[in-house]
Every structure is written in structure tokens, then in C-alpha cells.
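Below is one structure; the comments refer to it alone.
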Amino acid sequence: MLDYDVKYLKFKTYLNTYCPHCHNSFNVKQKDHDVIAFKAKYKNQDMDLKLSPYLDVFEVESSVPIEQDDVLEDLICPSCKKSIIDHNRPCEECGSQSAQVIISAYSKLIPFFICLKYGCEWHGLTKADERTIKLKIPRQEMPEQDQKLRVQNFMEVPYGLTTELALLEAGRCLQCKTPKCVDGCPVNIDIPTFVRLITEEKFDEAAKKIRERNILPAVCGRVCPQEDQCESKCVLGLRDNPVAIGNLERFVADYERKMDLVKIPAIKKIPNKRVAIVGSGPGGLTCAADLTLLGYSVTIFEALHQAGGVLVYGIPEFRLPKSIVDAEIEYLKKMGCKLELNSIIGNLYTVDELLENFNAVYIGVGAGLPQFMNIEGENLNNVFSANEYLTRINLMKAYRFPEYDTPKPIGNRVAVIGGGNVAMDCARTSLRCGASEVTIIYRRSRKELPAREEEVVHAEQEGIKFKLLTNPVRYIGNDINWVKGVECVSMQLGEPDESGRRRPIPIEGSNFVYDCDMVLVAIGNGPNPVIFNTAPDLERNKWGYIKVDPDTMRTSKEFVYGGGDIVTGSATVIQAMGAGRTAANAIHKKLMGEN
Amino acid sequence: MFEIVRKQEMAKGTIIRFDIAAPKIAQKILAGQFVILRVNETGERIPITVADVDKFGGTITIIFQVVGKTTALLRSLDAGHFIKDVVGPLGKPAHVEKVGTVIAIGGGTGIAILHHVVKAMKDAGNFVISIIGAREKDMLILQDEMNLISDELVIMTDDGSFGQRGFVTDPLKKYIQERSDIKLVYAIGPIIMMKNVCKITDKANLKTMVSLNPVMIDGTGMCGGCRVKVAGRTQFCCVDGPDFIGHDVDFDELEKRNSMYLKQEKDSLLFSIR
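Protein chains in written order, with numbering that gives the first Met the number 0: chain A, 0 to 594; chain B, 0 to 273.
Written out as C-alpha cells, the structure is:
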């Protein structure tokens with residue numbers, strides 16, 4: 000149990016409390032808890048006064064009843080009989096006189112002030128001491144599902160912060176005057192303000208603050224790589240661990256959703272301005288939300304039967320529960336955004352046909368063409384692309400086969416090729432689908448794993464094995480064409496390549512066979528060709544992704560904008576959201592400029 | 000939601016024809032393209048190539064054989080019922096141009112897909128010789144429709160209960176010997192049939208197109224489940240196909256890949272019966 004409990008400046012505490020003069024303790028044990036006892040003077044009478052152990056209200060036990068708004072005349076240490084009133088530091092709220100006590104926190108004695116007006120709850124530290132205490136609070140870890148239990152279910156692994164932990168964590172924020180974290184956020188959420196609102200227990204206002212910039216807080220709080228973004232800029236990170244901004248965002252968003260506080264804002268419609276969004280992934284949803292808020296009539300076209308893009312087909316249930324994505328999309332629909340499922344742009348409508356009916360088009364179709372290494376045996380049975388495996392399990396809910404009709408692939412010893420977040424998702428999913436041994440095969444060392452540290456740690460906790468500095472050469476099949484092993488070669492790291500990571504070089508003659516009955520290839524995705532079939536005039540770069548102007552996300556076609564993975568190649572949810580926002584602003588400017 | 004406008008049972012109730020109201024898809028879909036449908040919330044996504052389309056009525060026609068859980072579920076639906084999701088058009092359309100004489104070969108439910116292709120071939124001004132086959136008379140579908148759109152029609156049954164006795168490859172051999180003006184062969188049906196047709200036409204150096212039906216989920220190139228080896232290179236049937244030059248296709252691999260879920264399909268069917 001921690002010996003402190005901080006609510007921003009309001010100290011609730013079971014701390015030992017001492018006289019500033021004689022350093023004798025004021026704490027008195029009474030029944031089950033400590034109370035803090037003083038001698039007090041009130042209306043010229045001596046009396047005993049007991050303060051609640053939380054130091055936030057006077058619980059008077061005396062013969063003389065104290066009236067509301069009366070100020071105690073004196074507060075005296077029962078041991079040394081000296082007054083502990085501090086005349087230099089009046090209450091910051093009501094200006095009444097205050098008393099000073101000494102509290103111990105982190106084996107340090109710190110002066111602490113209490114307002115003597117009955118009914119006023121102010122008490123505080125000096126700024127410097129407050130800072131000292133904040134710096135001493137360790138980063139709060141989210142409680143998680145038990146490691147052994149969680150591999151048997153698809154429920155979310157972290158439970159999220161409790162209110163107490165969130166208050167404690169938010170209390171760590173130093174409220175910098177020029178906050179660096181905001182620069183680290185691709186959508187520039189006002190992080191210090193929402194964190195401050197948490198410390199003030201105004202969770203609903205904190206949620207509103209986040210929603211000003213981010214329409215998918217519950218999603219981002221879970222899947223953003225905060226350690227590379229906002230949290231990497233936090234000044235606390237220089238000497239210790241940064242504030243857990245992502246966990247706090249998640250806490251606020253979950254609170255908002257569970258308490259049903261999500262409000263639909265009033266929107267003033269701009270007549271006859273229609274925008275089509277292609278793809279309902281994070282980028283498309285952000286662009287759609289921003290434009291809807293600005294008053295445009297927005298229609299989202301989604302190729303699959305469910306909206307959400309990678310959030311529903313890619314990221315597993317135990318990392319991002321689908322009910323959260325559904326709630327966010329429901330919110331968009333309530334705002335007036337139209338959603339056309341089962342509509343493949345490129346096949347059902349061309350981009351030019353969309354332009355006949357819409358003033359502008361945003362393309363956020365993602366990078367959905369799975370890549371293979373083009374080595375022998377890749378078409379053997381039970382060799383899957385990560386996309387196929389995850390789509391089966393997540394979107395089609397094959398993990399609940401046969402209740403759901405989509406067959407669940409069966410693998411006992413599973414080899415996952417690749418070291419990114421998708422590879423971790425594949426590995427952890429296959430473990431939950433009943434595999435007895437899962438091994439990640441990655442060609443560089445652990446340091447270069449592109450996955451988030453959190454995901455790697457979770458995978459390791461769950462017993463996923465890592466064969467690092469190893470690359471597959473070919474897959475070996477049995478007589479009925481099912482995979483039975485993967486031949487690998489060991490690698491060593493050479494000089495850094497253009498990505499700055501050291502280039503892996505195969506060690507000749509180090510080949511060995513890893514026995515497995517399922518292989519999941521998670522080495523990345525390329526651009527999906529479907530949308531280009533009917534829009535050959537969309538200019539593309541040398542990798543086949545759409546070329547855009549990075550300031551406006553405008554493509555080579557007028558009124559057509561693009562963003563997310565179809566522009567950058569595989570990246571993160573929040574980066575796609577940032578692109579969606581940039582495009583929304585550019586579309587707004589463009590369409591307003593027309594008039 | 001997509002309404003089933005008309006239902007027709009064929010081949011003793013083992014093959015079903017649905018006309019589905021899907022006006023947007025009907026406007027766009029071309030011969031050789033397919034749709035993916037999902038019957039209900041817990042359903043799987045299955046690809047079905049479209050047999051016919053009525054642009055004015057806004058319907059597409061699918062014909063399928065009842066082989067597993069999903070097709071059995073589909074059979075239980077009647078006209079007026081709804082299918083949850085229908086998405087399309089998917090895949091590349093059949094390459095249709097005037098080449099002269101075309102032999103179109105269909106087996107089993109492959110005749111349904113062939114029907115759409117032959118219609119387009121005929122419209123393009125080709126002389127179309129159709130060879131259709133089935134196990135027995137009762138299993139043969141669309142012979143009247145095929146008769147209407149083909150310049151010549153040969154019907155084959157394995158047991159000789161209708162038309163001629165034998166396989167569709169028999170008259171093919173005969174035509175190749177007799178006619179020198181054949182420019183293209185289109186073969187759609189069971190893998191083994193397409194494989195055998197390709198063996199014959201390969202010898203005669205005749206361009207042959209086949210339509211493949213591998214396991215698929217999304218149908219937009221996203222999952223890669225429909226990988227087929229064509230001319231030594233892996234292709235995605237959903238975006239690169241479903242029509243390929245038959246001589247390049249690795250049919251053996253396709254057959255093995257299509258048997259990947261036999262166990263689960265059985266489990267699924269048993270589960271639904273229970």
C-alpha cells in the first residue's frame with residue numbers, strides 16, 4: 000500500500016503529521032484509523048480539535064460547536080504548547096489565517112498548510128514542495144488480466160486505470176507553460192488541460208477537451224504509439240518515466256462512454272456541399288467527422304460489411320474491443336454522417352462518378368495488399384497472410400467458430416514471420432486460438448523490432464518465443480500440401496541501411512528447419528490496386544502509393560484528396576487521423592474558396 | 000439488406016437459382032465478374048459468380064449448388080427474404096471481343112457462369128459452340144437458356160441419361176479435329192474438368208480461358224486467401240482474376256488449397272444441424 004494519495008493539490012493522506020516546532024506527531028490512533036488532534040482556541044475558549052485523517056475537513060469533537068465560516072483563533076501543539084499558525088501564508092481561497100504542519104512524504108519532511116476557516120477545504124504546499132512530491136510519484140501501471148488466464152480468452156488485456164490511479168497519474172503532470180507533448184501529438188490534443196481537468200475530477204470536461212481534436216479517443220488511448228509521440232516529449236521522461244498520457248486518454252474516453260456523456264454537437268449545415276470519403280478507417284472517420292462538424296453532407300463508402308477499416312479487421316479484440324469502434328461510428332452516424340457499406344470504389348463507382356455527385360472526395364483506403372517474400376512453398380496450405388488470418392478471426396469472428404460460420408484455421412506450432420505490431424497481434428491471436436507454441440521469426444535483433452515495446456512485452460509475458468536474427472528461406476510441405484516446417488537461415492547485422500537500421504546479412508551454411516504446422520506472414524502491406532483500376536489519372540509514387548501535397552493532402556486530381564496508408568505506406572492509426580484532419584481543413588478551404 | 004426476388008430450385012433441389020435485387024451492382028456488373036455475399040450476422044463471406052443480370056429490373060442472378068453450411072442456409076431462404084450483404088462487382092470482367100469461333104465448355108454449376116460469358120460472347124458477334132455437361136439428366140441446368148444463345152449446343156451426361164454419354168472433353172476433341180477456325184476455348188466448371196480441357200487444348204495450341212473459384216474472404220485483394228499460381232507467379236484470384244489463361248494455372252495446387260477447410264466445413268454443418 001502506498002503511503003500517500005495525491006489528488007492534485009488536495010492532499011488526502013494518511014501521512015504522519017508533525018508539529019513544526021517540536022516535531023512530535025499529531026497523529027492519534029483511534030479505533031481503526033488515525034485522527035489528527037490539536038488544541039485549539041475558539042471564541043477565547045480552549046478546546047480539542049480533531050482533523051479528519053484526510054486533512055480535508057475538520058471533524059470537530061469538542062464541547063464548543065464551531066459555526067460555519069468561523070475562523071479558529073489559534074491552533075496549538077499539545078506537546079510543546081506553541082502556536083502553529085503561520086501568519087506569512089494565508090489561505091489561497093478565502094484569505095483566512097492558516098496553520099502549518101509538517102508531513103512526511105517520500106522520507107522527506109515537507110511543510111503543509113491548512114486553512115483555519117471552518118468549511119473552507121483549502122490546504123496546500125509551496126510550489127517547490129508540490130513539485131518535489133509530484134516528481135516522486137512513480138508512473139502508475141494499468142492493472143492487467145492475469146498472464147495465464149488471458150491467453151485463453153479474447154477479452155481486453157489491460158483493464159484501464161481506476162479513478163484513484165488516474166488521479167495519481169494525472170497528478171504527476173507538471174503543467175508546463177510551453178507543453179512539448181502537444182507538439183508530439185499528430186492531432187495536437189491540448190494534453191496539459193485535459194490532464195489538469197482529470198486532477199480536478201472533471202472527467203466529462205476532460206473528455207470534451209480531447210474530443211475537440213480527436214474523435215476516436217478510446218481507440219487512440221489504446222493503439223497510439225504514445226512512447227514515440229506525446230510521451231516521448233514529456234519533460235518527466237528526461238529524468239524518470241513520462242506521464243502516461245495514453246492511459247489517461249483511455250481512462251477519460253472510457254469514462255465518457257460508460258457514463259453515456261457523449262453529446263452530439265449542434266451543427267449548422269452548409270447547403271449543397273457534399274463530400275465523399277472512401278474507406279472508413281481511422282483517417283476516413285476523422286476526415287468525415289471534421290467535415291460533418293463544419294456542416295458538410297458527408298458519405299463514407301466502405302468495401303466491407305462493417306465500418307472501421309483496420310480497427311475492425313486488423314486489430315484484435317483483446318487489444319481493441321470492437322464495441323468501442325462501433326460506439327465511435329455510431330456517434331458519427333448520429334452527427335448525420337452517411338455510411339454506405341459494401342461499396343467498393345473502383346468497382347461499384349469510379350472516382351469520377353463520385354465527383355459527379357460530390358464536391359470533393361477523400362481517399363483513405365489504406366494499404367491492404369499483403370506482401371509475401373516470394374519464396375518456395377508460400378502457397379502451401381496453412382500459410383496465411385497476416386491480413387487473412389486477422390480478418391478471419393477479427394472481422395469474421397472465426398474464433399467463435401462454429402457459432403460463426405467462417406472457418407478458424409487450426410495450428411498447433413505456429414511460426415509468425417515479421418516483427419511489427421501486426422506480427423505481435425498474429426502471434427497473440429494464434430495463442431488464443433489454441434496453439435501450443437508460437438514463435439516469432441524476425442531477421443534483425445530485439446532492439447530493431449518495429450513493434451511497440453508494450454506489445455513485445457505482452458507477447459513475451461504470454462509465452463511467445465522469439466527467434467531473432469533469423470529469416471525464412473522456404474516453407475516445407477507434406478505429401479498433401481500442408482506446411483510442416485520452415486527452413487530458416489541465421490542472420491548477422493551489418494552496416495546501417497537507408498532506414499538507419501543495421502542491415503541483416505544471412506550467415507551462409509547456418510540453415511535449419513523449424514517444425515511448424517501454421518505460418519503467418521506479417522511482413523507488411525502494399526497499396527491495393529482496386530481504386531486505381533478506374534482512376535488511372537491519380538498520380539502515384541514509385542512504390543505505387545498516391546502522390547499528395549503534404550500540406551493539403553491534395554492528389555494530382557482536383558477535388559480529390561488522399562491520406563493514411565495509401566499515401567504513406569503502413570503507418571499508425573493516429574498518423575492516418577492526422578492526415579484525415581489536414582485533408583478536411585484543405586477541403587473546407589477549397590470548397591469555401593469556390594463561392 | 001438485399002431482397003431475393005425470385006427463387007427456383009433446379010437439379011432435384013441441389014442447385015438453386017436466386018434473382019437478387021441489387022440495382023447498383025446490376026448497373027455495373029459484367030460477364031465473368033462475381034459478388035460476395037453474407038447471409039446473416041454470423042455468416043461467412045462466400046464468392047459467387049453472377050450467372051445473369053437484368054439491368055432494367057435491377058436484379059442479379061446467382062446459381063449455386065448446395066455443398067455446405069452457407070449454401071444450405073441460402074436454400075432455406077425464399078423469395079421475399081433478405082440476404083444481409085451483397086458486395087460487388089468483384090474481379091476483372093471476362094475479356095470479350097470478336098474473335099470468330101468460340102467453344103464454351105461448362106460443367107455442373109459452371110454452366111451458370113458460362114451462361115453470362117456466352118451471352119456476352121454472342122453479343123460481341125462470335126460464333127459460339129457450347130458444350131455443357133452434368134452427371135445425369137436431372138443435374139443438368141440451363142439447357143434451354145444455353146440453347147437460345149449458342150449457335151451450336153452439345154449436351155453430355157456421364158451416364159447418358161440425356162444428350163450424349165461421356166465427358167465434355169469428348170466433343171471438344173472432335174471439334175478440334177474437325178474445325179480449324181476455333182480461336183478461343185472458355186472452360187468453366189469443376190477443377191478436374193478445366194484441367195482436362197486445358198490438357199487437350201494445350202496440345203492443339205488453342206487459347207483457353209478458365210474461371211477459378213478459390214477460397215476468399217474480402218474479394219478486394221486484402222486477404223490473399225485466394226492465391227493461385229499462374230505461370231509460376233502467385234496471383235490473387237479476386238483482383239487479378241477470376242479468369243486466367245488455363246494453360247498457366249497450377250490446378251493441382253488450387254485443388255489442394257480448396258480442400259483446406261474440409262474439416263471445418265463438416266464441423267460447421269454438423270453444428271448447424273445440432
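The beta carbon of each residue, even a glycine, is placed where N, CA and C say it ideally should be.
For residue i and residue j, I'd like the C-alpha separation in whole angstroms.
| i | j | result |
| --- | --- | --- |
| A/Val-5 | A/Ile-102 | Any reading at A/Val-5 needs caution, since the residue's pLDDT is 43, under 50, leaving its predicted position unreliable; the model's value is listed next. The alpha-carbon atoms of A/Val-5 and A/Ile-102 are separated by roughly 13 Å. |
| B/His-80 | B/Ile-15 | 15 Å |
| B/Gly-57 | B/Val-116 | 19 Å |
| B/Asp-247 | B/Ile-19 | 34 Å |
| A/Glu-459 | A/Arg-445 | 12 Å |
| A/Met-591 | A/Asp-536 | 25 Å |
| A/Tyr-348 | A/Asn-358 | 15 Å |
| A/Phe-10 | A/Gly-410 | Note on A/Phe-10: pLDDT 44, under 50, position unreliable in the model; the coordinate value appears next. Using only the alpha carbons, I get a separation of about 54 Å. |
| B/Phe-17 | A/Glu-248 | 50 Å |
| A/Cys-432 | A/Tyr-403 | 14 Å |
| A/Thr-390 | A/Tyr-312 | 5 Å |
| B/Gly-224 | A/Ala-385 | 10 Å |
| B/Arg-164 | B/Pro-189 | 18 Å |
| B/Ile-3 | B/Leu-147 | 25 Å |
| A/Gly-562 | B/Cys-237 | 25 Å |
| A/Gly-183 | A/Lys-232 | 6 Å |
| A/Leu-310 | B/Ser-149 | 49 Å |
| A/Ile-522 | B/Val-38 | 33 Å |
| A/Tyr-13 | A/Cys-425 | Confidence is the limiting factor: at A/Tyr-13 the pLDDT is only 45, short of 50, which leaves the residue's position unreliable and the question unanswerable from this model. |
| A/Tyr-7 | A/Pro-191 | Its pLDDT being 35, under 50, A/Tyr-7 is placed unreliably in this model, and the value from its coordinates should be taken loosely. C-alpha separation (whole angstroms): 13 Å. |
| A/Gly-363 | A/Cys-180 | 27 Å |
| A/Met-0 | A/Ala-578 | Here A/Met-0 scores only 28 on pLDDT, less than 50, and its place in the model should not be relied on; the value that follows carries that caveat. A/Met-0 and A/Ala-578: Cα-Cα distance of roughly 45 Å. |
| A/Leu-148 | A/Glu-461 | 10 Å |
Which residues does DSSP list as the beta-bridge partners of residue i?
| i | result |
| --- | --- |
| A/Pro-495 | A/Arg-501 |
| A/Glu-454 | Partner(s): none; A/Glu-454 has no beta bridge. |
| A/Glu-199 | For A/Glu-199, which the question treats as bridged, DSSP gives no partner whatsoever. |
| A/Arg-130 | In DSSP, A/Arg-130 forms no bridge with anything. |
| A/Leu-74 | A/Ala-39 |
| A/Ser-296 | A/Arg-273 |
| A/Pro-471 | A/Cys-487 |
| A/Lys-337 | A/Thr-298 |
| A/Asp-122 | According to the sequence as given, residue 122 of chain A is His; it is not Asp. Paired residues: A/Ile-113. |
| A/Ser-24 | A/Tyr-17 |
| A/Asn-380 | A/Trp-481 |
If residue i and residue j are in contact, beta carbons under 8 Å, what's the gap, nearest whole angstrom?
| i | j | result |
| --- | --- | --- |
| B/Gly-132 | B/Val-167 | 4 Å |
| A/Gly-419 | A/Ile-439 | So it is not a contact: roughly 10 Å between Cβ atoms. |
| B/Ala-30 | B/Ala-103 | The Cβ separation is near 11 Å, so there is no contact. |
| A/Cys-93 | A/Cys-76 | That pair is no contact at about 24 Å. |
| A/Ile-113 | A/Ala-98 | 5 Å |
| A/Ala-36 | A/Asp-47 | 6 Å |
| A/Leu-353 | A/Ile-344 | 7 Å |
| B/Lys-27 | A/Asn-527 | At roughly 19 Å, the Cβ-Cβ gap does not stay under 8 Å, so B/Lys-27 and A/Asn-527 are not in contact. |
Determine whether the beta carbon atoms of residue i and residue j lie at a separation below 8 Å.
| i | j | result |
| --- | --- | --- |
| A/Leu-292 | A/Pro-270 | no |
| A/Asn-470 | A/Val-488 | yes |
| B/Ile-191 | B/Arg-44 | no |
| A/His-457 | A/Val-218 | no |
| A/Ser-279 | A/Gly-236 | no |
| A/Gly-170 | A/Thr-125 | no |
| A/Val-437 | A/Leu-448 | no |
| A/Cys-286 | A/Val-234 | no |
| B/Met-208 | B/Gly-240 | no |
| A/Pro-281 | A/Ala-570 | no |
Give the interface partners of residue i over in chain D, defined as CB-CB distance under 9 Å, in chain order.
| i | result |
| --- | --- |
| A/Leu-310 | As a matter of chain content, chain D is missing from the structure shown, whose protein chains are A and B. |
Quick one: does the C-beta of residue i sit closer than 7 Å to a heavy atom of the ligand MG?
| i | result |
| --- | --- |
| A/Glu-454 | This structure lacks the ligand MG, and indeed carries no ligand of any kind. |
- Message: Closer than 7 Å between beta carbons: that is the criterion. Which residues of the region 205-229 of chain B meet it against chain A?
- Response: Residues are counted here when their Cβ sits less than 7 Å from a Cβ of chain A; for the region 205-229 of chain B these are Ile-216, Asp-217, Thr-219, Gly-220, Met-221, Cys-222, Gly-223, Gly-224, Arg-226, Lys-228, given in chain order.
- Message: So if I threshold CB-CB distances at 9 Å, which residues from the region 342-355 of chain A count as touching chain B?
- Response: Ser-342, Ile-343, Gly-345, Asn-346, Leu-347, Tyr-348
- Query: Between the region 396-421 of chain A and chain B, which residues of the former have a C-beta closer than 9 Å to a C-beta of the latter?
  - Reply: Those residues of the region 396-421 of chain A that come within reach of chain B (Cβ to Cβ, closer than 9 Å) are Lys-396, Ala-397, Arg-399, Phe-400, Pro-401, Glu-402, Tyr-403, Asp-404, Thr-405, Pro-406, Lys-407, Pro-408, Ile-409.
- Task: Give, in chain order, every residue of the region 291-305 of chain A whose Cβ lies closer than 7 Å to some Cβ of chain B.
- Result: Ala-302, Leu-303, His-304
- Message: Please identify, using Cβ separations under 7 Å, the residues of the region 88-104 of chain B that lie next to chain A, in order along the chain.
- Response: Pro-88, Leu-89
- Listed in chain order, which residues of the region 3-31 of chain B have Cβ atoms closer than 8 Å to some Cβ of chain A? Result list: Lys-23, Ile-24, Lys-27.
- Task: Check each residue of the region 475-495 of chain A: if its Cβ is closer than 8 Å to any Cβ of chain B, include it; give the result in chain order.
- Result: Ile-479, Asn-480
- Check each residue of the region 358-380 of chain A: if its Cβ is closer than 8 Å to any Cβ of chain B, include it; give the result in chain order. Gly-367, Leu-368, Pro-369, Phe-371, Asn-373, Glu-377, Asn-378, Asn-380
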